[in-house]
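Asks: First the structure, then my questions, so here it is.
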Amino acid sequence: MLPLGAMLLAGSMGAMAQEAGTAAQAKTLAPVTVTEQAEGKDSLRATTTSIGKGKQELRNIPQSITVVTEKLINDRNLDTLKEVLHSTAGVTFQAAEGGEEDIRLRGFSLASTGDIFLDGMRDPAFYDRDTFNNDRIELLRGSASMLFGRGSTGGAVNQVSKPALLKDETEITTTVGNHNFRRLTADFNIKTADDAALRINGMYTQATNNGAGSSIDKDGLAANYRFGIGSKDEFSASLYSLDNRNGMNYGIPWIKPKATDSQSANTLINSLDPSAYFGMAGDQNGGNANMGSLAHIHRFGVDTELKTQIRKGRFQRDQRAGTVRFAGTAVQPAVDLGNFSGSTVFTRGTNLKVQDMDTLNFQSDLSSKFDALGVGHEVVAGVDFSREEKTVFTALSVAQGGVNLVKPNTTAGTPGDGAWVDESLRSFREGSNFVAKAYGIYAQDLVQIAPAWKLLGGLRYDSMKGRYSTYAVPTAATTPVTTTAYQQNISNWSKRFGVLYQPNPLHSYHFSYGTSFNTSADTYSYNANSANTDPESSENIELGAKLDSADKRFNTRLAIFRATKLNERNTDPDTAATRLLLSGKRHTAGFEIDVSGRITDAWEMWGSYMWMPVARVDKAASTATTVGNRVGDRPGLSPKHSGSIWNTYQFTPAFRAGVGINFRSAQSPADVTAPAWEAPSYATGDLMAEYTVNDQLSFKANVNNVTNKLYADALYRGHYVPGAGRIVQLAMTARF
Amino acid sequence: MLLHIPHILTPEEVHHAQGLLVDAPWADGRASAGSQAQAVKNNEQLPHDCEAATQIRALLLRGLDRNPTFFSAALPKRVFTPRVNRYSGTSNFYGPHVDNAVRFAPDTGQRVRTDISCTLFLSEPEAYDGGELVIQDSAGPQRVKLPAGSLVLYAGTSVHQVEPVTRGARLACFFWIESMVRSQEQRQLLFDLDMHLLRLRQQHGETPETTGLTGTYHNLLRMWAST
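Here the protein sequences come in this chain order: A and B. To convert, note that position 541 of the first sequence is 544 in the numbering used here; the numbers rise steadily by one, no gaps. To convert, note that position 6 of the second sequence is 661 in the numbering used here; the numbers rise steadily by one, no gaps.
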């Protein structure tokens, strides 16, 4: 016989206990997203991820993942996605002709293949991403088309938005710094009911110089409202808006030590300050991103949930900037380091990118844990649909009724000369339009086949329909418009297999094999040949381990990998060919290690390092002449060593200090004509000191790139964009 | 209210928990204390997310699930993450203090009002000297030292302390409960009513009178409980 109180309450105490990441919680319908996120605000270490679709423990994903938590983002003062990626190993940047965030991972391009994601959905537009609404950034390394569809030879980057949490908290941070830097971020979290909350994040930033030459002027606003948090049906609605009016440093030309040297001696102009700027005062990398999303989670029980999301995005990009080059021999003798001086003349070009992008994404993911046929299963399955439309605008020439803005020359001795042209006088017409409609369906099962062993198998089918139209007009008139259209239908399978050996709760070892494919529509354009070409395919093999310390407060992840592009596109030397050759092959191989967590109570550490001794083109077209694309070449933007380390030490309850290093070994730009050259290796140091007055008020000072080191951050064959020089910033954070 | 509940954990579970604590990553206990308590606290605690703490917590919550007396006495609504502490060597006491009225679980943003304090003993009394939990009850100081696996439950409002451990180590798990019935007196009345009624039902079976009193219990609970 039972007491009445016991009958009444017969249930799980675990369900009433509130805590993160424990066995007790696994039994409840507690708001898992809430608990998982909190880790990132308080710790450099992360144990769960949503990058694998559905929430999973990192130890159950047989692939290398680097997670940059909000704490690390804050500690190191990382305001943009690019700065975050700087702090991870294996990532490099191509300056590209569009000046975009062309991110490379393990030597393979991410951005041009659309491998940037926001909350698990593709975020393909080019815009200067800000971290003000990021709870964390996750970097999945290696082929992952099984999860994400087309792309992802090198990996994928997922930005996780800040979710509304069940608490009332406001955090306002004001930051001031050199170069007239001012940044205000505000984070309001309001609990509106027992199971509902609203979170609003705002950002406003201005600076005359970002440390690498360009000005900053941007603002953003994000809101998330969730209700039914932790209950059977949870709903979420989000709005996001970012408006960039940033300036832009399009790059500085490479220089030879002596004019008679071969171009293999090309190097940086070391006498220039990293923040020296030679573009026009009116150059801009403007643009805005606007997104609205709805999400619903239905929990069928403790272990099964269905998450459905839909997002509409509209992106406008308005980049008006130009190359900086040495003026030619009509003005001055050939420039080299010997004669370079303050009176060396630079010309300024015109490189425009005006384009819009519209995206519509829908996806539904089911994750479930159950026992069947005597073994445990963790299944993730889902469908997704997307429509992406990109419209590119072309400037009208003078003969077509447009204007030709003449940009004056400048000299090396007068950086930031303030000269400007009125970019608003330019007029544009629609130049091309690309519409991609795609769907994918996938399923993955993680089977516990024996006490310490799990097997993973996953399969995905993708279908994409691409339509591309270019609009040509006569050289001296705007009509008639001649439309040339291409279209392509792609369908493809992707797979992933893995074995996990987990002898105890602290150790997890994995071997995995995954494939991916990328289409010739990756850059949202076609030509007569590419529209007929099948996708490229890639595979990734990885052997790795995730090892936790006994108290689980320190994680180590390591892996050896080999990523291979099996059939790279090449131009067919036969001029009559109707399609590109898929005869190329290249691979990279190396070792990666990530560490994160507390070494002692006071010492917290985060590190990410990649050693990539192997990067090689295995097969190429017989006509290949550019460096990085011939057989035996090491491709550009694939340094042997890359990484970042960050340490903080809590000296007293009020005072904490941090020190870190980012480094890359020497690397070449991609696609240069032989002979190639290398940008020198570099290491930059960062310092941080934080003083916490009380729970409500803290001050933090950051000095990034302490030595004001000049280094080539983004590389292109014609120029390099320097990394930010010394940045000194002081932030005051108020919480209430 | 001061209530001893024996056998929350079985001897095997106690043994398992003790095993987990042999090489556990102990940390200074002052981290979790409020400012008044910090001045008098001198013990060691397990980081709440380490493996040993996680497993012991799971054992404890399962043990509580099995225990009807505990439910009847506590009428729990929320439980604040149970923690594990150790008194031994030079970190061996916790002077008189009152627990913080509201604990904030940073993970969930949830606040837990500490109506009831609980201590589960994990060391056998003969394994250490001293270490009595002394609770200032309305009836004067109550000295508690229970067998491993047993729990004491007392009002969060009372001043209490752990006396210095002079030999051996005192291992325990402690946690707080926000009860559905906020008032200690009302909770005590409900518990007494429930226990007497249980005995009546055991002696006489279900009668119209016990049914009527059961109704009274539920109506009182309806009047006083917030869910």
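Using N, Cα and C, we set each Cβ at its ideal position, and we do this for glycine too.
(1) Reducing DSSP to helix, strand and coil, say where N722 (chain B) ends up.
(2) Roughly how many whole angstroms lie between the Cα atoms of V502 (chain A) and F594 (chain A)?
(3) Tell me whether the beta-carbon of S647 (chain A) lies closer than 8 Å to the beta-carbon of S611 (chain A).
(4) Mind pulling the alpha helix (DSSP H) runs of 4 or more residues that sit fully within the segment 42–128 of chain A?
(5) Under three-state DSSP, which class holds Q843 (chain B)?
(6) Would you verify that the beta carbon of A49 (chain A) is, or is not, closer than 8 Å to some beta carbon of chain B?
(7) Any beta-carbon of chain A closer than 8 Å to the one on S727 (chain B)?
(8) Give a yes or no on whether 8 Å exceeds the smallest Cβ distance from A682 (chain B) to chain A.
(9) Hey, could you find the ends of the alpha helix (DSSP H) Q673 (chain B) is sitting in?
(10) Comparing alpha-carbon positions, which option in A:A734, A:Y723 and A:R729 lies nearest N269 (chain A)?
(11) Residues of chain A with CB closer than 8 Å to the CB of C705 (chain B), please, in chain order.
(12) Of the residues that make up the segment 837–861 of chain B, which ones have a beta carbon closer than 8 Å to any beta carbon in chain A?
(13) Do you know how far the Cα of H380 (chain A) is from the Cα of L369 (chain A)?
(14) The beta strand (DSSP E) that contains E861 (chain B), what's its start and end?
(15) Using 8 Å for Cβ pairs, my map puts S67 (chain A) next to E542 (chain A). What's the rounded Cβ distance?
(16) Nearest to F96 (chain A) by CA position, among A:G728, A:K221, A:R729 and A:Y719, is which residue?
(17) Shorter than 8 Å from the beta carbon of L716 (chain B) to some beta carbon of chain A?
(18) Across the segment 462–473 of chain A and the segment 493–510 of chain A, are there enough close Cβ pairs to call them in contact, namely three or more that are closer than 8 Å?
(19) Would you say D604 (chain A) faces chain B, with C-beta separation under 8 Å as the test?
(20) List, in order along the chain, the chain B residues whose C-beta lies closer than 7 Å to that of L5 (chain A)?
(21) Give me whichever residues DSSP pairs with Y872 (chain B) in a beta bridge.
(22) Would you list, in chain order, the members of the segment 482–508 of chain A that have their beta-carbon closer than 8 Å to a beta-carbon of chain B?
(23) Between G8 (chain A) and chain B, is any beta-carbon pair separated by less than 8 Å?
(24) What number of angstroms, rounded off, separates the C-alpha of A618 (chain A) from the C-alpha of I203 (chain A)?
(25) Of the residues A:I258, A:R248, A:R429 and A:S146, which one's Cα is nearest the Cα of N291 (chain A)?
(26) Using only the alpha-carbon positions, how far apart do F725 (chain B) and F184 (chain A) sit?
(27) Can you tell me whether DSSP reads P483 (chain A) as helix, strand or coil?
(28) Can you tell me whether L5 (chain A) sits near the ligand MN, meaning its C-beta is under 7 Å from at least one heavy atom of the ligand?
(29) Starting from the C-beta of D220 (chain A), find all residues in its chain whose C-beta is less than 7 Å away, skip the five residues before and the five after it, and write them out in chain order.
(30) Check the Cβ-Cβ distances between P731 (chain B) and every residue of chain A, and say whether any is below 8 Å.
(31) Determine the DSSP secondary structure at V731 (chain A), reduced to helix, strand or coil.
(32) Return the bridge partner residues of H703 (chain B) from the DSSP annotation.
(33) Pairs of beta-carbons, one from the segment 386–395 of chain A and one from the segment 356–369 of chain A, closer than 8 Å: are there three or more?
(34) Going along chain B, which residues have a C-beta under 8 Å from L121 (chain A)?
(35) Check each candidate in A:S511, A:L201 and A:S146 and name the one with the smallest Cα separation from A240 (chain A).
(36) Give a yes or no on contact between the segment 336–355 of chain A and the segment 373–388 of chain A, applying the rule of three or more CB pairs nearer than 8 Å.
Replies: Reading from the atomic positions:
(1) For the purposes of this step, residue 722 (chain B) is taken as residue 67 along the second sequence, with counting starting at 1. In this structure, N722 (chain B) counts as coil in the three-state DSSP scheme.
(2) Against the first sequence, residue 502 (chain A) aligns to sequence position 499. Against the first sequence, residue 594 (chain A) aligns to sequence position 591. Straight through space, the alpha carbons of F594 (chain A) and V502 (chain A) are spaced by roughly 19 Å.
(3) Walking along the first sequence from the start, residue 647 (chain A) turns up at place 644. Walking along the first sequence from the start, residue 611 (chain A) turns up at place 608. Result yes, Cβ atoms of S647 (chain A) and S611 (chain A) sit closer than 8 Å.
(4) As far as the segment 42–128 of chain A is concerned, its whole alpha helix (DSSP H) runs of at least 4 residues are 73–78 and 84–89.
(5) As a working mapping, residue 843 (chain B) is identified with position 188 in the second sequence. Annotated three-state conformation of Q843 (chain B) is helix, per DSSP.
(6) Residue numbering aside, residue 49 (chain A) sits at position 46 when the first sequence is read from its first letter. For A49 (chain A), the answer is no, since every Cβ of chain B falls outside 8 Å of its Cβ.
(7) Position 72 of the second sequence, counting from 1, holds the residue named residue 727 (chain B). Between S727 (chain B) and chain A, the shortest Cβ-Cβ separation is below 8 Å.
(8) Here residue 682 (chain B) refers to the residue found at position 27 of the second sequence. For A682 (chain B), the nearest beta carbon of chain A is closer than 8 Å to its own beta carbon.
(9) Here residue 673 (chain B) refers to the residue found at position 18 when the second sequence is read from its first residue. For Q673 (chain B), the enclosing alpha helix (DSSP H) starts and ends at P666 to L676.
(10) Sequence index remark: in the first sequence, residue 269 (chain A) carries index 266 (1-based). When each option's Cα is compared against that of N269 (chain A), the closest is A:Y723.
(11) Here residue 705 (chain B) corresponds to residue number 50 of the second sequence, with the count starting at 1. Within 8 Å Cβ-Cβ: A553, D554, K555 and R556.
(12) Of all residues in the segment 837–861 of chain B, the ones placed with a Cβ closer than 8 Å to any Cβ belonging to chain A are L845, F846, D849, M850, L852, L853, R856 and Q857, in chain order.
(13) Here residue 369 (chain A) refers to the residue found at position 366 of the first sequence. Here residue 380 (chain A) refers to the residue found at position 377 of the first sequence. Taking the straight line joining both Cα atoms gives about 13 Å.
(14) The residue labelled residue 861 (chain B) in the question sits at position 206 within the second sequence. Here E861 (chain B) belongs to no beta strand (DSSP E), and DSSP marks it neither H nor E.
(15) Residue numbering aside, residue 67 (chain A) sits at position 64 when the first sequence is read from its first letter. Residue numbering aside, residue 542 (chain A) sits at position 539 when the first sequence is read from its first letter. With 8 Å as the limit, S67 (chain A) and E542 (chain A) do not qualify as a contact, their Cβ atoms being about 15 Å apart.
(16) The residue labelled residue 96 (chain A) in the question sits at position 93 within the first sequence. Distances from the alpha-carbon of F96 (chain A) to those of A:G728, A:K221, A:R729 and A:Y719 put A:Y719 closest.
(17) One-based indexing of the second sequence puts residue 716 (chain B) at position 61. With 8 Å as the cut-off, L716 (chain B) counts as an interface residue toward chain A.
(18) A contact exists between the segment 462–473 of chain A and the segment 493–510 of chain A.
(19) Start at 1 with the first residue of the first sequence, and residue 604 (chain A) comes out as number 601. It does: the Cβ of D604 (chain A) has a partner Cβ on chain B nearer than 8 Å.
(20) For this step, residue 5 (chain A) is matched to residue 2 along the first sequence. Those within 7 Å of L5 (chain A) in chain B are P723.
(21) As a first step, residue 872 (chain B) must be located in the second sequence, where it is residue number 217. DSSP output for Y872 (chain B) lists no bridge partner at all.
(22) So the list reads P508, given in the order they occur along the chain.
(23) In the first sequence, the residue the question calls residue 8 (chain A) occupies position 5. For G8 (chain A), the answer is yes, since a Cβ of chain B falls inside 8 Å of its Cβ.
(24) Residue numbering aside, residue 618 (chain A) sits at position 615 when the first sequence is read from its first letter. Residue numbering aside, residue 203 (chain A) sits at position 200 when the first sequence is read from its first letter. When rounded, the distance between both Cα atoms is 44 Å.
(25) Position 288 of the first sequence, counting from 1, holds the residue named residue 291 (chain A). If we check each option's Cα against that of N291 (chain A), A:R248 comes out closest.
(26) Stepping through the second sequence from its first residue, residue 725 (chain B) is reached at position 70. Stepping through the first sequence from its first residue, residue 184 (chain A) is reached at position 181. Each residue's alpha carbon lies about 59 Å from the other.
(27) The residue labelled residue 483 (chain A) in the question sits at position 480 within the first sequence. Coil at P483 (chain A), not helix or strand.
(28) No copy of the ligand MN occurs in the structure displayed, which carries no ligand at all.
(29) Locating residue 220 (chain A) in the first sequence gives position 217, counting from the first residue. Q209, R248 and N249, listed in sequence order.
(30) In the second sequence, counting from the first residue as 1, residue 731 (chain B) sits at position 76. For P731 (chain B), a Cβ of chain A is located within less than 8 Å of the residue's own Cβ.
(31) Counting from one through the first sequence, the residue named residue 731 (chain A) turns up at place 728. It is a strand residue.
(32) As a position in the second sequence, residue 703 (chain B) is number 48, starting the count at 1. None, per the DSSP bridge assignment.
(33) Enough Cβ pairs lie closer than 8 Å, so yes.
(34) Translated into positions along the first sequence, residue 121 (chain A) becomes position 118. The premise fails here: L121 (chain A) is roughly 24 Å from chain B at the closest Cβ pair, so nothing lies under 8 Å.
(35) The count along the first sequence starts at 1 and reaches residue 240 (chain A) at position 237. Nearest of A:S511, A:L201 and A:S146 to A240 (chain A), Cα basis: A:L201.
(36) Contact fails: fewer than three Cβ-Cβ distances are below 8 Å.
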